[in-house]
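**Q**
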């Protein structure tokens, strides 16, 4: 109905439009000159501000002319600038109304003018409050009680009418827009529906800011209770709706973090196809039926044109959910080096196994007779060959996506780390279980009893031998999961006496005098308890929120509510450094894949990069107004991914940016509808997997930030996730007491083959789900594949009767 | 979900009156309404912000429930003093409601902060130490399959488990994805894992061993463990073979233990014994009906075994007759047949009688009542016999005991109180007639005198029962003169006095009902 043939779509015609509108002084649209997008509604700061200046100056003018009148208008609580019906012309002098009206009409639109023209008689009858009081006083002085009554009644009715009509344009505008959306053909309707939610929020906030709380609440209820809207546009913003609703005064809006991140952290980004945009342009700009809409769109929205036809509704639904809409395509165009580093990649070792066997094996046969890796000397030799071999081979094949080794300087592997790598490779990777649909993994489950509401976080070492438990009581417990005791390193003066050339020097460094004590205890708790040792680390002064263990099991990082991060030594069992810098509780901390670096994120809206050798922060990644909740290191140690309160995932480059430039995320991804609990990069570094309270497991392609697919299946929040060591199986644990295993390798294969077209439709998730394991009453908070691909699950038992926090599940 | 609900509910705020009251109690009496309203909204807003912050902590800690510590953390984050003492005590708010003293009596919530006596605190016993965090491990899954152990959720899918327990062979030979039909037929070894073999050995040894403590543990294990269906066939075989052997050797103790094992298997909810009834029933029936169960029948208490086995038998009939048609008929027939034969000893009659009586009111009314008269005749006859052994004497005493235990109460509930001696003699013969008459008269008097109210109820209110029961019993009972001559054992299935549980089905498939009963010739296996 709003089509007009003249305005079918070309920058040229838009130019004309804007020109014409400019001449009409209704302007607000200027064609954009950006090369990427053919049409962007500009910031038009200049225009707006100049206009406002005009308006304000006009107000001043009028105020000087008859100050009493203008103040009375303001007393009514009506903003003359925005509301058509509030344009009260005063009956007292026709002169003033005439002089005022052009000023008032200037920002207003044609329609407003019409409205005003149609209702001059009505508005002229209205009497501002002061006048009214004056009259009342006069009447009272003259004892005319009846007249007082009638006057009061009349005034009341008039006055109420005006206040109720304050929200009317809002209702009209949103209703009008919703109706407009409904009129659209099915294929494109969802594109227009994207605007409803942000429009709604801005309108509500406007109403509240104008002190019309009841109206605002009525507005809120009317639309939120609309089941159609509930199912479509509000579905992805449930969490925020609650926040919006609790804002009931101007002051609260000013304070609210949510409003800050919604209004002042950038524009609401909406992606539309070309055709839709033109229609929208027609509706909002040309027709100007609802000036309010136009105003909000101009102030807070940014529209981006997608080439080609409209996206599928399902795709759009999947990608919606970010607090500020979707992600600017331009933001995800920078190059990201997601390839792996050669020297540190274990899976590569596997590939080179044959080369190694042929060359190193020959050497061994000549020298040692057979290739038994029994002595460490042998191993060292093997390793040296191995690393040399690889360097020469490495030059043959270079992963184009891998960053240079020196891009982010990484310390050389230490002797013991190399040893460990080789051991790992020889003992475990060669015997790794290949998980296939026919050969599903076994799962060993560790249930933590008596810890409900007490245990905050869990962490397991890379080799699956140590479990760290962070408690609400600011204590960290470390348990040994194999039968090895957690021994302490000897004191320095004792260490000096050791013979460093001895091949058993590592064993000798540890004290073993407490073994006698443990032997005494052993008969008491043999078999019944698999845990042979436990350590307690005290130091924090608030609940522990995150733990991370370095790969070589030497260090443990912990972060806490007390705004600090502590580095603990797992050899001496003491705190080594306290990292201070965050100003709010620290929510997550993680070691880089090669140690040395670690990253943390906090409620102070920053993520920070640290190095264990410096007490100061190396980098600060700040996100304006959103809390950082979880993070994850890229396997090549060049990037970190964070999730923040606005439900947008961000990948940050650790490389230093140019001077003075604020660090911007290299990738941003929106799609989660509720907070994200856990992030993981795939083993090859190409994909980012995220899951959280909205039950979706989303897989993102790091190369361009696009969504690969979204796996659905869990019936409650997903808390934990791990990939099998060969990277082909994804395992997720949820609070719905289940662990699900997904065929990630198959999924990626299908994607590469082009069989997976997420853009068109959601992948049927049952296709990739292999099996579900159910637990009794334990929500899995940590899930971990051992080096041989045995699945370990960890969870805190939730007692049946939640009021009783202690369980009586101990063995009798 | 909760968030949408919250979003839908109207905006909550503290009542204005409570702000007013707080202001009053802090010597700020003259606040305007505007002021109060503003303060209320402000306070509500602050609390809301705090709650939203607290939610962050709740979510971070992977919880679904907000706790007071989260709120405290949120307050700390905003540099507010945490409030001490607002702990939930057992999930309840620590408030109590009182009426404020003032101009207008208002309900006020305040913290229940009662004074403690110092000596009370000192002398009070120490509170329980909370349990330390402990870790337990178990196998959640083995090769993609969740083992049925206590740590795992009970029944993953009922159908799966049922199929598994009915045919353990299948799950052993079946691979999850490459199911090969021909493979199943060829490979038949029903192998038990080493653990299962050890378990079987331990359990069976403990059950028939000498240590009562161990036996109890074993029985408890049998009745509660969930993963037993693999070894169930072995255990059942053990029972049935054990009964056979020990019956011959008159080993009463072992028989009792075996019956206890049977009982444990029946109790176990995760086991389905239908497939093994052909082994279980003969064993149980033997224990009820055998001529001799122990070396010295006149002194040993083999009656307990008979009673126990009879009650297990009744339990099994109750459990499985819904699934297996005609099961009840068959069992009943075996019992009734014993009364046909004159040469069977009285102990067997005793067993059959107990077995029938245990089956409940209905069976007593329909089956036992007609037996009593021939049984009495037999007893009279054996009394006449000069060579009455002491064993027989005891048996007769026992039979009398059973009859006086079950019959009078059953009779009282089934018949109107027109108790005439002649009628009794007619129905129950000259031996038991007078005895029962006396007992029933006494019983009725007792109940009448003990509570006239309840006896009235018993007589009049269950009128439906009275109307229906005699009408069903008519063919058997209204013409007792003709029916009692008829031999009860000769009752054919079609004229069976047993009311089938599902009459329509059993009438349509009288054949199939017999077929479906797997122990097709179970009564032949009974060792009499």
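Residue numbers (full-length UniProt numbering), protein chains in the order written: chain Z, 1 to 812; chain P, 1 to 528. All residues carry an ideal CB built from backbone N, CA and C; glycine is no exception.
#1: How big is the Cα-Cα spacing for residue 110(P) and residue 24(P)?
#2: Using the three-state DSSP reduction, which class does residue 303(P) fall into: helix, strand or coil?
#3: Could you check whether the Cβ of residue 37(P) sits closer than 7 angstroms to any Cβ belonging to chain B?
#4: If the cut is a Cβ gap below 8 angstroms, which residues of chain P does residue 450(Z) touch?
#5: With a cut-off of 7 angstroms, does the C-beta of residue 67(P) fall near any C-beta of chain Z?
#6: Taking just the CA atoms, how far does residue 382(P) sit from residue 304(P)?
#7: On the three-state DSSP scale, how would you describe residue 338(Z)?
#8: Can you confirm whether residue 443(Z), when its beta carbon is compared against all beta carbons of chain P, has any partner nearer than 7 angstroms?
#9: So residue 745(Z) and residue 739(Z) are in contact, right, with Cβ under 8 angstroms, and what is the actual spacing, rounded?
#10: For residue 233(Z) versus residue 196(Z), is the C-beta spacing smaller than 7 angstroms?
#11: If I follow the unbroken alpha helix (DSSP H) through residue 482(Z), where does it start and stop?
#12: Given this structure, state the Cα-to-Cα distance separating residue 305(Z) from residue 274(Z), to the nearest angstrom.
#13: Tell me which residue opens and which closes the beta strand (DSSP E) that residue 96(P) is part of.
#14: Taking all protein chains shown into account, decide if residue 248(P) is buried (16 or more other Cβ within 10 angstroms of its Cβ) or exposed.
#15: Helix, strand or coil for residue 429(P) per DSSP?
#16: Compare the C-beta of residue 138(P) against all C-beta atoms of chain Z and say whether one is closer than 7 angstroms.
#17: Looking only at its chain, what residues have a beta carbon closer than 6 angstroms to the beta carbon of residue 95(P), apart from the 5 residues adjacent to it on each side?
#18: Does the region 639-655 of chain Z touch the region 671-680 of chain Z, meaning 3 or more C-beta pairs lie closer than 8 angstroms?
#19: For residue 15(P), does the three-state DSSP call read helix, strand or coil?
#20: Taking 7 angstroms as the CB-CB cut-off, is residue 198(P) touching chain Z?
#21: Please classify residue 79(P) as buried or exposed, where buried requires at least 16 neighbouring CB atoms within 10 angstroms.
#22: On the CB-based measure, 16 or more other CB atoms within 10 Å of its CB, does residue 148(P) come out buried or exposed?
#23: At the level of alpha carbons, what is the spacing between residue 655(Z) and residue 463(Z)?
#24: Reducing DSSP to helix, strand and coil, say where residue 564(Z) ends up.
#25: Check whether the Cβ atoms of residue 467(Z) and residue 452(Z) sit closer than 7 angstroms, and answer yes or no.
#26: Throw me the rounded Cβ distance for the residue 576(Z) and residue 554(Z) pair, which I believe falls under 8 angstroms.
#27: Alpha carbons only, please: which of 730(Z), 541(Z), 670(Z), 435(Z) is nearest the one belonging to residue 143(P)?
#28: Taking 7 angstroms as the threshold (beta carbon to beta carbon), is residue 142(P) in contact with chain Z?
#29: Are the C-beta atoms of residue 688(Z) and some chain P residue less than 7 angstroms apart?
#30: For the beta strand (DSSP E) that contains residue 138(P), what are its first and last residues?
#31: Considering only residues of the region 560-636 of chain Z, which uninterrupted beta strand (DSSP E) runs meet the minimum length of 3 residues and lie entirely inside it, listed in chain order?
#32: In chain order, what residues of the same chain have a beta carbon less than 6 angstroms from the beta carbon of residue 250(Z), not counting five sequence neighbours either side?
#33: I'd like to check one pair, residue 580(Z) with residue 606(Z): are the Cβ atoms closer than 7 angstroms?
#34: Going by other Cβ atoms of all chains shown within 10 Å of its Cβ, with 16 needed for buried, is residue 536(Z) buried or exposed?
#35: Quick one: is residue 133(Z) buried, meaning 16 or more other Cβ sit within 10 Å of its Cβ, or exposed?
#36: In this structure, how does DSSP classify residue 287(P) when only helix, strand and coil are distinguished?
**A** Short version:
#1: For residue 110(P) and residue 24(P), the distance between alpha carbons rounds to 16 angstroms.
#2: Three-state result, residue 303(P): helix.
#3: Any reference to chain B falls outside this structure, whose protein chains are Z and P.
#4: Within 8 angstroms Cβ-Cβ: 130, 131, 132, 133, 134.
#5: Closer than 7 angstroms: yes.
#6: So the two alpha carbons sit approximately 24 angstroms from each other.
#7: Note: residue 338(Z) maps to coil in three-state DSSP.
#8: Yes, contact with chain P.
#9: Not confirmed; about 18 angstroms, so no contact.
#10: When the beta-carbon positions are compared, residue 233(Z) and residue 196(Z) come within less than 7 angstroms of each other.
#11: No alpha helix (DSSP H) contains residue 482(Z), which DSSP labels as neither H nor E.
#12: Spanning the two alpha carbons is a distance of roughly 6 angstroms.
#13: Note, residue 96(P): beta strand (DSSP E), 95-99.
#14: Exposed: under 16 other Cβ atoms inside 10 Å.
#15: Three-state DSSP puts residue 429(P) in a helix.
#16: Taking CB atoms only, residue 138(P) has a neighbour in chain Z less than 7 angstroms away.
#17: The answer, listed in chain order, is 109.
#18: Contact check between the region 671-680 of chain Z and the region 639-655 of chain Z: three or more CB pairs, one atom from each, fall below 8 angstroms, which counts as touching.
#19: Coil.
#20: No, no contact with chain Z.
#21: Classification of residue 79(P): exposed, given that the 10 Å Cβ count is below 16.
#22: It is buried - the Cβ of residue 148(P) has at least 16 other Cβ atoms within 10 Å.
#23: One alpha carbon belongs to residue 655(Z), the other to residue 463(Z), and they sit about 30 angstroms apart.
#24: It is a strand residue.
#25: Cβ atoms of residue 467(Z) and residue 452(Z): not closer than 7 angstroms.
#26: A Cβ-Cβ separation of about 10 angstroms leaves residue 576(Z) out of contact with residue 554(Z) under the 8 angstroms criterion.
#27: Among 730(Z), 541(Z), 670(Z), 435(Z), the Cα nearest to that of residue 143(P) is on 435(Z).
#28: Residue 142(P) counts as touching chain Z.
#29: With 7 angstroms as the cut-off, residue 688(Z) does not count as an interface residue toward chain P.
#30: Counting along the chain, the beta strand (DSSP E) containing residue 138(P) begins and ends at 134-141.
#31: Entirely contained in the region 560-636 of chain Z, the beta strand (DSSP E) runs reaching 3 residues are, in chain order, 564-569, 574-580, 586-591, 597-602, 606-611, 619-622, 628-633.
#32: Leaving aside the five residues that flank residue 250(Z) on each side, the residues in its chain whose CB is nearer than 6 angstroms to its CB run, in chain order, 209.
#33: One thing to note: residue 606(Z) has its Cβ no nearer than 7 angstroms to the Cβ of residue 580(Z).
#34: By the 10 Å Cβ count, residue 536(Z) comes out exposed.
#35: If you draw a 10 Å sphere on the C-beta of residue 133(Z), you find fewer than 16 other C-beta atoms in it, and that means exposed.
#36: If DSSP states are grouped into helix, strand and coil, residue 287(P) belongs with the helices.
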